[in-house]
Amino acid sequence: MVDDKQAVKGFLRLCVRYADDSIERKEERLGTDAERGGDESGLVAWKAYRDFTAHAIQEIDDGVLEEWFEHLQEGEDWRPSPDTEPGESRDSATAGGKDQTSGGGEGQASGDGREGDHTEFTSIATAVLGFEQRRALLDGIISPRPLVLASTRSGEGIDNLAGLSSLAVVSNNPPLVAISLSQDRDGRKRDTLVNLGENGRITLHILPSSHEMAAIVAVTSKALPADESEWEIIEVDGAQSPSEGDWPATFPLALAALECELLQSYELPEGAVAELCILGVRNILAPANTISAIQGGATLSSLCQHGSYRLTPAPDGWGYDCQP
């Protein structure tokens, strides 16, 4: 079964890489054809195909498709049923039984927790939970969250990169966002927070949903001495901002970026070690065709954090238009 899994995953990874290249070519073509009204339907289809294929790889890694591989090895004329969740047998679905979680690792909640017309809740006091238990629940419930790569510059001119998943838009007029920045496990303030306090500027990059970007974020999450730069480790050259003024280096592989200034910071209550930073969005960086697409109602297929450790594509399933 291991050989089967590796072969299937290898094939799917090739599909994802091919899709990434096709998306890049189509985005370049749309950029040159923007004034002629380039057709984005093909691009949307390729992104959906790419995300679906990447999701299949993740489900194999999580173990939710074990039954599929068992039947594949047996060579039966068997097919999965759309009436069951991956990892759930047809018998349990027919009998009305459904596990609340499926797969391994952090898993995915598949049951709706309902009895009749009402949800059956269980209450857990957060005060009795350990740190890891509490984090797993909060991260798993408030999920997925957009993940950004933050670029800052120290007072000595050393550029820093760090992944953040605490970003939230708190106001559109004026344009304000908030991030939470904490200490590392040794009690040292993170370089992002120190640099932001020294020069007051930060660039938040929205990343494409790819394994390459996830690996870069993982590298930047490791603590470095303050006089060393993550840019040297990821082997990507930072670009100069097109905006006026002295801004931190721009990550050239990003989908878009927000250049922000620190307006206020607050120590969080109840002994929390993090600080809440309110940022004013001064500039939005993105390719012209991306800006046009977003203004037309499109969304970015960006990298997200799902749970405590998993990085995944942004959800791109069904949608509901709630615009008044």
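Residue 442 is where the sequence shown starts when you use this note's numbering, and the numbers rise one by one after that.
C-beta atoms are modelled at their ideal positions from N, C-alpha and C, and glycine is treated no differently.
Compare the beta carbon distance of residue i and residue j with 7 angstroms and say whether it is the shorter of the two.
i    : j    : result
P649 : L696 : yes
E716 : E708 : yes
R642 : E685 : no
A448 : R491 : no
R575 : T567 : yes
E639 : G596 : yes
T494 : L455 : no
A727 : S742 : no
S670 : I599 : yes
W672 : G679 : yes
F510 : D445 : yes
In chain order, what residues of the same chain have a beta carbon less than 7 angstroms from the beta carbon of residue i, not counting five sequence neighbours either side?
i    : result
G748 : E547, D580, G581, S584
R631 : A603, L622, S623, Q624, D625
T646 : According to the sequence provided, residue 646 is His. The question's Thr does not apply to it. Answer for H646: V589, L590, S592, F692, A695, A698, listed in chain order.
D474 : Per-residue confidence for D474 stands at a pLDDT of 48, beneath the threshold of 50, marking its modelled position as unreliable; no derived number is given.
P521 : W509
S607 : I620, S621
C763 : none
Under 8 angstroms Cβ to Cβ from residue i, same chain only, skipping five residues before and after it: list those, please.
i    : result
Q705 : C718, I719
A667 : S595, I599, D632, V635
W519 : H512
Mark residue i as exposed unless 16 or more other C-beta atoms lie within 10 angstroms of its C-beta, in which case mark it buried.
i    : result
K663 : exposed
P615 : exposed
T661 : buried
T753 : buried
V611 : exposed
N613 : exposed
I501 : buried
V714 : exposed
Would you report the Cα separation of residue i and residue j, rounded to the nearest angstrom?
i    : j    : result
R751 : E507 : 20 angstroms
K450 : P765 : 44 angstroms
N636 : P587 : 22 angstroms
V722 : A609 : 12 angstroms
A655 : T731 : 21 angstroms
A690 : I498 : 33 angstroms
G572 : Q746 : Reading off the sequence shown, one finds Phe at residue 572, where the question assumed Gly. Those two C-alpha atoms are separated by around 19 angstroms.
A619 : L634 : 13 angstroms
Y761 : G738 : 13 angstroms
I675 : L744 : 17 angstroms
T766 : L665 : The chain is shown only over 442 to 765; residue 766 falls outside these bounds and no answer can be derived.
V569 : H559 : 27 angstroms
R458 : E465 : 11 angstroms
I735 : S564 : 40 angstroms
V677 : I725 : 21 angstroms
P710 : H496 : 38 angstroms
A489 : S733 : 20 angstroms
S651 : A659 : 13 angstroms
G712 : E653 : 37 angstroms
A729 : G628 : 42 angstroms
N601 : T740 : 28 angstroms
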